[in-house]
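Asker: Shown below is the structure under consideration.
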Amino acid sequence: SAVISQKPSRDICQRGTSLTIQCQVDSQVTMMFWYRQQPGQSLTLIATANQGSEATYESGFVIDKFPISRPNLTFSTLTVSNMSPEDSSIYLCSVQDRELFFGSGTQLSVL
Amino acid sequence: GDSVTQMEGPVTLSEEAFLTINCTYTATGYPSLFWYVQYPGEGLQLLLKATKADDKGSNKGFEATYRKETTSFHLEKGSVQVSDSAVYFCALGGNGGYNKLIFGAGTRLAVHP
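Okay, structure coming up:
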């Protein structure tokens, strides 16, 4: 099974700033995903991070707000840009390695 | 569009009690169905899955049966333990796949000794 390290585990940020979340996997995986879990709500897929090409975003999410990098098959980053309090959520990285594995998440609070 | 509805929590039980967490879904086609569990401070883990109608997924004493006629995938366990305290998520995946999962809101379970 894939082991995922995600950091930071939590952060408190000021409005208008940006935060980059890192996701490291202990094996090479083709598909990596970023999810968001807003308070009291279910997980929502933000985008699929593709190695060597631009990420594929779901409806309601755009690259300017959530730029994603995928430089190799074991690493990805998600940046939450120009943050507002509405961006306060848990952000989760996941990878597909026969089944879907999740990191422990980044709890983001925006003041 | 596709969606998943779970019973609201928290669910509070005494040890050895019977557990049911309801999950119903709306989907086109024939999705796969999943239950994920998130223990405190950890990432989501796949608990069990079912890929077609009438399949029963089971793991760690938990069971869920894919009921197409009632569009349900209720999670059950005959005798819960304190260590089962966690948040449980029902999810569906289109076209039998694991990616692009659609999750329910999650149900927190607290088991007391």
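Line by line, the protein sequences are chains G and L.
Reminder that position 73 of the first sequence reads as 73 in our numbering, one-by-one numbering, no gaps.
If you want our numbering, it's the position in the second sequence, counting the first as 1, plus 111.
Where a beta carbon is used, it is the ideal one built from N, C-alpha and C, also for glycine.
Residues of chain G with a CB under 9 Å from the CB of L/Gly120: which are they?
Answerer: Result: empty, since nearest Cβ-Cβ is about 11 Å, beyond 9 Å.
Asker: With DSSP as the reference, please indicate the residues paired to L/Lys179 in a beta bridge.
Answerer: Residue pairing from DSSP leaves L/Lys179 without any beta-bridge partner.
Asker: Using a Cβ cut-off of 8 Å (strictly closer), state whether G/Gln41 contacts chain L.
Answerer: With 8 Å as the cut-off, G/Gln41 counts as an interface residue toward chain L.
Asker: Closest to G/Gln113 by CA distance: which of G/Lys7, G/Thr17, G/Ser109 and G/Gln28 is it?
Answerer: Only positions 1 to 111 of chain G appear in this structure, which leaves residue 113 of chain G out of reach.
Asker: Go ahead and pull the three-state DSSP assignment for G/Pro85.
Answerer: helix
Asker: Assuming L/Glu126 and L/Val191 are in contact, meaning their beta carbons sit under 8 Å apart, how far apart are those beta carbons, in whole angstroms?
Answerer: 7 Å
Asker: Considering only C-alpha positions, which residue in the set L/Asp113, L/Tyr147 and L/Leu124 is nearest to L/Ala221?
Answerer: L/Leu124
Asker: Exposed or buried, L/Gly142, counting other C-beta atoms within 10 Å across all chains shown (16 or more means buried)?
Answerer: Correcting the residue identity first, residue 142 of chain L is Pro in this sequence and not Gly. L/Pro142 should be labelled buried.
Asker: Which residue wins for smallest C-alpha separation from G/Gln37, given the options G/Ser104, G/Tyr91, G/Phe102 and G/Leu100?
Answerer: G/Tyr91
Asker: Which residues share a DSSP beta bridge with L/His223?
Answerer: L/Ser125
Asker: Does G/Val3 come out as helix, strand or coil in the three-state DSSP assignment?
Answerer: coil
Asker: Mind checking who G/Val95 pairs with in its DSSP beta bridge?
Answerer: G/Met32 and G/Phe101
Asker: Is the Cβ of L/Lys211 closer than 8 Å to any Cβ of chain G?
Answerer: yes
Asker: Check L/Asp195 in the structure and name its three-state DSSP category.
Answerer: helix
Asker: What does the alpha-carbon distance come out to for the pair G/Arg70 and L/Pro121?
Answerer: 37 Å
Asker: Between which two residues does the beta strand (DSSP E) containing L/Ile132 stretch?
Answerer: Leu130 to Ile132
Asker: Looking only at DSSP bridge pairs, what is L/Gln149 linked to?
Answerer: Per DSSP, L/Val198.
Asker: Whose C-beta lies closer than 6 Å to the C-beta of L/Gly217 among residues of the same chain, with five residues either side of it excluded?
Answerer: Excluding positions up to five away in sequence, the list reads Val198 and Phe200.
Asker: If we ignore side chains and look at the alpha-carbon of each, how far apart do G/Glu99 and L/Ala164 end up?
Answerer: 20 Å
Asker: Applying the 10 Å Cβ sphere with the 16-neighbour rule, what's the burial state of L/Gly215?
Answerer: buried
Asker: By DSSP, does G/Asn72 sit in helix, in strand, or in coil?
Answerer: strand
Asker: Would you mind telling me which residues of chain L sit closer than 8 Å to G/Ser104, beta carbon to beta carbon, in chain order?
Answerer: Contact of G/Ser104 with chain L by beta-carbon distance below 8 Å involves Gly152, Glu153 and Gly154.
Asker: Got a sec: is the Cβ-Cβ distance from L/Phe214 to anything in chain G below 8 Å?
Answerer: yes
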